[in-house]
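Chains as they are written, first to last, in this note's numbering: chain G, 1 to 210; chain E, 1001 to 1210. Below is one structure, written out as structure tokens; the observations come after it.
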DNA sequence: ACTAGATGTAAACGTTTGCTGACTTAGTCA
DNA sequence: TGACTAAGTCAGCAAACGTTTACATCTAGT
């Protein structure tokens, strides 16, 4: 379903064969990571079994322990990946247009899209380490969003902007989950075109352009 | 930790003794329901064990099967209770002020408050029956919200109002979860006073008063 | 060609899970 | 009081879980 292209190179030393290797630790790792992100995002941590993930990835269960130490470790890796992707998405956008960019990306419903990453960020494993990572991602994201609308760390009176940015982030996550996990209609089958307008209204209301 | 007050009467037929009975099926049922709602809302379905719930309620595990058939049945009962509470909360408000009422209630963080009910509504058990109940509650809630702002079933062109109502509901759920489960700061410790303004902005932007 | 280490596999371990059936205790009424 | 039923207890089942172990196979370097 994911239609992974036969990624060639894995190790860092350049001169790899373009052919796909039959045994490739880096690719196997990535397959597991992708499968896990989808499962965790859609079904949650506890409802996902390591055997599910391994089957989705077409890989033996024991390799999860080998490459990620534990299910918990795999989950943390997923959170880190989601954080990276979130930062990459918002990072390549001019600061003052981040809200609109987010609004547009939330509409996307692909399995690896931003929606899926947002849904993942609200899943909890009960583990303290994972909670810390997630909180870090969320805090950084909301600060980035707030900074685009005038928030400066420590500056009195601008704390409210950070709060409003977190509300906007929370709203985005809620929309992502109701669309991709709960599948509430007509929200779930609304197109990007249907959603961009209302979402921009939402973000602009919380974080008025200055 | 829960410090349950010794609720006296339970069944409906009036002439109960004010004293708490030592064996009282209705009260035991309610204790289980309350404990389950908290656990399910905070930790999710799969991460909650029936033994956890029974311990919280101070009751034997086997009684879950007796009163609710199964863990699944208990979860469905929780969803129904959340739906009732949601309807009760929004039902006693003049139609055109429902958004503001919701905004105000989301701020509340009590274990049995609206926030907790909203968080429960995005927990999934994987069971089809529970999914149906949850979807029903969400659809009814969003329709009620949309109707207060001019949506009429089937009326062409007003479908967009329903979509916007669902976005507002999704936002509310997202805020509830980030506040009560994830505990993101400063969102989590913001007071009702801090939140009502931004939340009203949010709802009004999505569903402009007519 | 040969070997050493990396990669993948299969089976099983010990625990925890939801649930059940036989049992005991408390309340009710003749 | 003594039977009868509702309410609660207890021990344990079978299945599913995350993880580990021992083994097989591939790849790279010589």
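Every residue gets a Cβ at the ideal spot worked out from N, C-alpha and C, and that includes glycine.
Partner residues on chain G for residue i, Cβ-Cβ distance less than 8 Å
i	result
residue 1159 of chain E	186
residue 1166 of chain E	178, 184, 186, 187
Residue i at chain G interface by Cβ criterion, 8 Å
i	result
residue 1177 of chain E	yes
residue 1126 of chain E	yes
residue 1117 of chain E	no
residue 1153 of chain E	no
residue 1047 of chain E	yes
residue 1084 of chain E	no
residue 1147 of chain E	no
residue 1043 of chain E	yes
residue 1171 of chain E	yes
Residue-level contact to chain E via CB, residue i, 8 Å cutoff
i	result
residue 201 of chain G	yes
residue 114 of chain G	no
residue 138 of chain G	yes
residue 101 of chain G	no
residue 194 of chain G	yes
residue 122 of chain G	yes
residue 174 of chain G	yes
residue 16 of chain G	Annotation note: pLDDT 38 at residue 16 of chain G (below 50); position unreliable, no value reported.
residue 19 of chain G	Low per-residue confidence applies at residue 19 of chain G: pLDDT is 49, beneath 50, and the placement is therefore not dependable enough to give any value.
Interface partners of residue i on chain E, CB under 8 Å
i	result
residue 108 of chain G	Ordered by position in chain E, no residue passes the 8 Å Cβ test against residue 108 of chain G, which lies about 16 Å from the chain.
residue 190 of chain G	1163
residue 134 of chain G	1182
residue 129 of chain G	None at all; the shortest Cβ gap to chain E is about 15 Å.
Classification of residue i by the beta-carbon crowding that lies within 10 angstroms, buried from 16 upward
i	result
residue 1015 of chain E	Residue placement at residue 1015 of chain E is poorly supported in this model, since its pLDDT is 37, which falls under 50; the coordinates still yield a value, given next. When all chains shown are included, residue 1015 of chain E counts as exposed.
residue 174 of chain G	buried
residue 1181 of chain E	buried
residue 122 of chain G	buried
residue 1092 of chain E	exposed
residue 1216 of chain E	Not covered by the structure: residue 1216 of chain E. The range shown for chain E is 1001 to 1210.
residue 62 of chain G	exposed
residue 1218 of chain E	In the structure as shown, chain E starts at 1001 and stops at 1210, and residue 1218 of chain E therefore has no counterpart that could be examined.
residue 48 of chain G	buried
residue 1154 of chain E	exposed
residue 1132 of chain E	exposed
residue 201 of chain G	buried
residue 1172 of chain E	buried
residue 1146 of chain E	buried
residue 1111 of chain E	exposed
Cβ-Cβ separation, residue j to residue i (assumed contact under 8 Å), whole Å
i	j	result
residue 1116 of chain E	residue 1041 of chain E	5 Å
residue 1044 of chain E	residue 44 of chain G	6 Å
residue 194 of chain G	residue 1163 of chain E	6 Å
residue 1095 of chain E	residue 1148 of chain E	4 Å
residue 211 of chain G	residue 82 of chain G	With chain G represented from 1 up to 210, any question about residue 211 of chain G goes unanswered, as that position is not in the structure.
residue 179 of chain G	residue 109 of chain G	6 Å
residue 103 of chain G	residue 199 of chain G	4 Å
residue 1079 of chain E	residue 1134 of chain E	6 Å
residue 259 of chain G	residue 1184 of chain E	For residue 259 of chain G there is no data in the structure shown, the boundaries of chain G being 1 and 210.
residue 72 of chain G	residue 125 of chain G	6 Å
Chain-ordered neighbours of residue i on chain E, where CB pairs are closer than 9 Å
i	result
residue 63 of chain G	Going along chain E, no residue has its Cβ under 9 Å from residue 63 of chain G, so there is no contact; the nearest lies around 23 Å.
Amino acids of chain E, ordered along the chain, whose beta-carbon sits closer than 7 Å to that of residue i
i	result
residue 53 of chain G	By Cβ distance, chain E contributes nothing, its closest Cβ being about 15 Å from residue 53 of chain G, past 7 Å.
Chain-ordered neighbours of residue i on chain G, where CB pairs are closer than 7 Å
i	result
residue 1206 of chain E	198, 201, 202
Legend entry - Length-filtered (4 minimum) alpha helix (DSSP H) runs lying within the region 53-89 of chain G: 62-68
Inset, instruction - Counting only runs of 4+ residues fully inside the region 109-182 of chain G, write out the alpha helix (DSSP H) ranges in chain order. - result: 114-120, 128-147, 159-177
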